[in-house]
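Take 1 as the starting number for the sequence shown in the UniProt record's numbering and just add one per residue. Backbone N, C-alpha and C define an ideal beta-carbon position, used for all residues, glycine too. Every value quoted in this text rests on a predicted model; they were computed, and no experiment measured them.
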Amino acid sequence: MNYSERIESLFQEYEKQRSSLTEMQAKMSALSATAMSPRREVSVTVGQNGVLTDIQFPSSAHKRLTTADLTKMIMETYAEAKEQVMNQAAAVLAPMLPDGLDAHKLVRGQAGADAFLPEQPRMVTSVRELLTRGTNE
1 MNYSERIESL FQEYEKQRSS LTEMQAKMSA LSATAMSPRR EVSVTVGQNG
51 VLTDIQFPSS AHKRLTTADL TKMIMETYAE AKEQVMNQAA AVLAPMLPDG
101 LDAHKLVRGQ AGADAFLPEQ PRMVTSVREL LTRGTNE
């Protein structure tokens, strides 16, 4: 394969990755999870990044709870829904990440700086080959 063909191949791969990224972004925007308290007193729905989007009280059971108990139940149910949506986000994101980068840590903000900027920059083998051979052709 000559230099022009390799460059064209790289551009095609770039377009493919860009399209995949656009699809991933749409999937991430549509993420949603709903959790229900164990006795069905409260239902909590969260969207992308765990943003609270809805709270429902499907029965009158919540009226028998103290304010402190109801608050605790809402927070626990919210945490469960948020965990569900974070797991969904990690599943959507994982195929796009380089090897060794933990999607679950990334969506939770737990990935270290080296995950984004490693000591040695990541470079596709074909690009590295082009750079080393490009001056010879």
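Opening and closing residue of the alpha helix (DSSP H) in which residue i lies
{"i": "V107", "result": "103-107"}
Reduced DSSP category for residue i - H, G, I as helix; E, B as strand; rest coil
{"i": "S32", "result": "strand"}
{"i": "R39", "result": "coil"}
{"i": "M1", "result": "coil"}
Status (buried if at least 16 other CB within 10 Å, exposed otherwise) for residue i
{"i": "V107", "result": "buried"}
{"i": "T22", "result": "exposed"}
{"i": "K82", "result": "buried"}
{"i": "E15", "result": "exposed"}
{"i": "M1", "result": "exposed"}
{"i": "L31", "result": "buried"}
{"i": "T77", "result": "buried"}
{"i": "V85", "result": "buried"}
Whole-angstrom C-beta distance between residue j and residue i, which should lie under 8 Å
{"i": "V51", "j": "I74", "result": "The Cβ separation is near 15 Å, so there is no contact."}
{"i": "L101", "j": "A91", "result": "Not a contact, Cβ separation roughly 14 Å."}
{"i": "V46", "j": "A33", "result": "6 Å"}
is_contact[residue i, chain D] using C-beta, thresh 8 Å
{"i": "V107", "result": "The structure shown contains no chain D, having only a single protein chain."}
Practice prompt. Could you name each continuous beta strand (DSSP E) segment of 3 residues or more that falls completely within the region 41-112, going from the start of the chain to the end?
Written response: 43-47, 52-56
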